[in-house]
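Asker: Heads up: the sequence shown begins at 26 in my numbering, then just goes up one per residue.
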Amino acid sequence: MSLKIDFSKYLEIYPDTSGLYPEKLKAIGDKYHQKGYLTKDELYELAHLNSTRSSYHVKKNPKNRVEKVTEIAYNIDDDFSKIALLSSLKGVGTPTASAIITSLDDVRHCVIDTRVWATLHHMGYFKKEKESFKAEDYISIIKIVRSLAQEEGMKVSEIGYALFAYDVVHREGTLH
Numbered sequence: 026m027s028l029k030i031d032f033s034k035y036l037e038i039y040p041d042t043s044g045l046y047p048e049k050l051k052a053i054g055d056k057y058h059q060k061g062y063l064t065k066d067e068l069y070e071l072a073h074l075n076s077t078r079s080s081y082h083v084k085k086n087p088k089n090r091v092e093k094v095t096e097i098a099y100n101i102d103d104d105f106s107k108i109a110l111l112s113s114l115k116g117v118g119t120p121t122a123s124a125i126i127t128s129l130d131d132v133r134h135c136v137i138d139t140r141v142w143a144t145l146h147h148m149g150y151f152k153k154e155k156e157s158f159k160a161e162d163y164i165s166i167i168k169i170v171r172s173l174a175q176e177e178g179m180k181v182s183e184i185g186y187a188l189f190a191y192d193v194v195h196r197e198g199t200l201h
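1) Can you grab the Cα-Cα spacing for the pair residue 95 / residue 40, in whole Å?
2) With distance defined between alpha-carbon atoms, name the residue in 126, 43 and 116 nearest to residue 61.
3) Start and end of the alpha helix (DSSP H) containing residue 180?
4) Pick helix, strand or coil for residue 85, following the three-state DSSP scheme.
5) Does the beta-carbon distance from residue 51 to residue 128 come in below 8 angstroms?
6) Taking 8 angstroms as the threshold (C-beta atoms), are residue 86 and residue 124 in contact?
7) Which same chain residues, not among the five before or five after residue 79, have their C-beta less than 6 angstroms away from its C-beta?
8) Buried or exposed: where does residue 184 fall if 16 or more other Cβ atoms within 10 Å of its Cβ makes it buried?
9) Would you list, in sequence order, the uninterrupted alpha helix (DSSP H) runs of no fewer than 4 residues that lie entirely inside the stretch 42-96?
10) Between the Cα of residue 147 and those of 168, 161 and 188, spot the shortest distance and give me the residue it belongs to.
11) Taking the Cβ atom as the reference point for each residue, do residue 143 and residue 35 lie within a distance shorter than 8 angstroms?
12) Alpha carbons only, please: which of 174, 159 and 138 is nearest the one belonging to residue 193?
13) Taking the alpha helix (DSSP H) that residue 136 belongs to, which residues open and close that run?
14) Using the beta-carbon count (16 or more within 10 Å), is residue 77 buried or exposed?
15) According to DSSP, is residue 149 part of a helix, a strand, or is it coil?
16) Cβ atoms of residue 103 and residue 182: under 8 angstroms apart, would you say?
17) Given this structure, state the Cα-to-Cα distance separating residue 53 from residue 149, to the nearest angstrom.
18) Kindly give me the distance between the Cβ atoms of residue 5 and residue 166, rounded to whole angstroms, as I take these residues to be in contact under 8 angstroms.
19) Closest to residue 70 by C-alpha separation, out of 90, 135 and 46, would be which residue?
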């Protein structure tokens with residue numbers, strides 16, 4: 026690829042960005058592991074960490090649906106299916122679904138969004154920038170990020186946070 030990034034440098038910068046807090050995400054993931062599902066309040070908390078603008082939609086889901094969908098997703102081993110299922114909940118798009126599965130396993134997953142895609146685009150992995158994502162986009166991104174994580178000896182989530190920070194530092198103009 027054409028652009029080479031010092032991932033360690035940008036991971037250090039990440040806490041100074043507007044990105045979500047990995048420690049809070051992990052705490053929610055720990056609760057998820059304990060029960061095998063998320064409550065509506067836990068899902069709202071996680072969605073709010075990831076996207077304050079759309080998190081209120083999570084409250085429109087019936088309590089039992091949130092618990093059942095997150096329980097089923099917890100027990101599915103396929104990344105595409107997890108993202109697609111979680112994205113069926115109101116207020117949960119692919120970026121928030123990626124945060125949910127990252128809360129469960131930050132070694133294999135990362136939070137994706139416009140900034141992560143943009144950095145991968147600038148690195149030469151994608152032909153165009155993108156602002157909305159589907160489950161198949163997560164699969165495209167996660168393959169690349171897992172490969173980068175293996176090359177760098179880092180967690181997949183750390184590469185994701187570094188990609189986010191890179192875009193914060195280098196973006197010209199507005200995000201959307």
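By construction, the Cβ of each residue, glycine as well, lies at the ideal position given by its N, Cα and C atoms. These numbers were taken from a predicted model, which means no experiment stands behind them.
Answerer: Once the coordinates are examined:
1) Reading the sequence shown from its first residue, position 70 is the one you call residue 95. Reading the sequence shown from its first residue, position 15 is the one you call residue 40. Going from the Cα of residue 95 to the Cα of residue 40 covers about 28 angstroms.
2) Along the sequence shown, read from residue 1 onward, the residue named residue 61 stands at position 36. Closest in C-alpha terms to residue 61, from the list 126, 43 and 116, comes 126.
3) Position 155 of the sequence shown, counted from the first residue, corresponds to residue 180. The continuous stretches of alpha helix (DSSP H) do not include residue 180, and DSSP gives it neither H nor E.
4) The residue given as residue 85 occupies position 60 in the sequence shown. Helix at residue 85.
5) Working through the sequence shown from its first residue, we reach residue 51 at position 26. Working through the sequence shown from its first residue, we reach residue 128 at position 103. A contact, by the Cβ cut-off of 8 angstroms.
6) Residue mapping note: residue 124 aligns to position 99 of the sequence shown, counting from 1. Residue mapping note: residue 86 aligns to position 61 of the sequence shown, counting from 1. Judged by their CB atoms, residue 124 and residue 86 are not nearer to each other than the 8 angstroms cut-off.
7) Numbered from its first residue, the sequence shown carries residue 79 at position 54. The beta carbon of residue 79 sits closer than 6 angstroms to the beta carbons of 116 from its chain, once the five residues preceding and following it are set aside; these are given in chain order.
8) Within the sequence shown, the letter at position 159 stands for residue 184. Here residue 184 is buried: its Cβ has 16 or more other Cβ atoms, across all protein chains shown, within 10 Å.
9) Every alpha helix (DSSP H) of 4 residues or more that sits fully in the stretch 42-96 is shown, in chain order, as 47-60 and 65-75.
10) Within the sequence shown, residue 147 is the residue found at index 122, counting from 1. Considering only alpha carbons, the answer is 188.
11) The residue you call residue 143 lines up with position 118 of the sequence shown. The residue you call residue 35 lines up with position 10 of the sequence shown. Taking 8 angstroms as the cut-off, the beta carbon of residue 143 is found no closer than this to the beta carbon of residue 35.
12) If you number the sequence shown from 1, residue 193 lands on position 168. The shortest Cα separation from residue 193 among 174, 159 and 138 belongs to 138.
13) The count along the sequence shown starts at 1 and reaches residue 136 at position 111. Counting along the chain, no alpha helix (DSSP H) covers residue 136, and no H or E run does either.
14) Within the sequence shown, residue 77 is the residue found at index 52, counting from 1. Exposed, by the Cβ-count rule.
15) On the sequence shown, position 124 is the one that residue 149 refers to. Coil.
16) Working through the sequence shown from its first residue, we reach residue 182 at position 157. Working through the sequence shown from its first residue, we reach residue 103 at position 78. Against a cut-off of 8 angstroms, the Cβ pair of residue 103 and residue 182 comes out as no contact.
17) By one-based count along the sequence shown, residue 53 stands at place 28. By one-based count along the sequence shown, residue 149 stands at place 124. Rounded to the nearest whole angstrom, the C-alpha separation of residue 53 and residue 149 is 34 angstroms.
18) Since the first residue shown for the chain is 26 and the last is 201, residue 5 is missing from the structure and cannot be characterised.
19) Here residue 70 is taken as the residue at index 45 of the sequence shown, counted from 1. It is 46.
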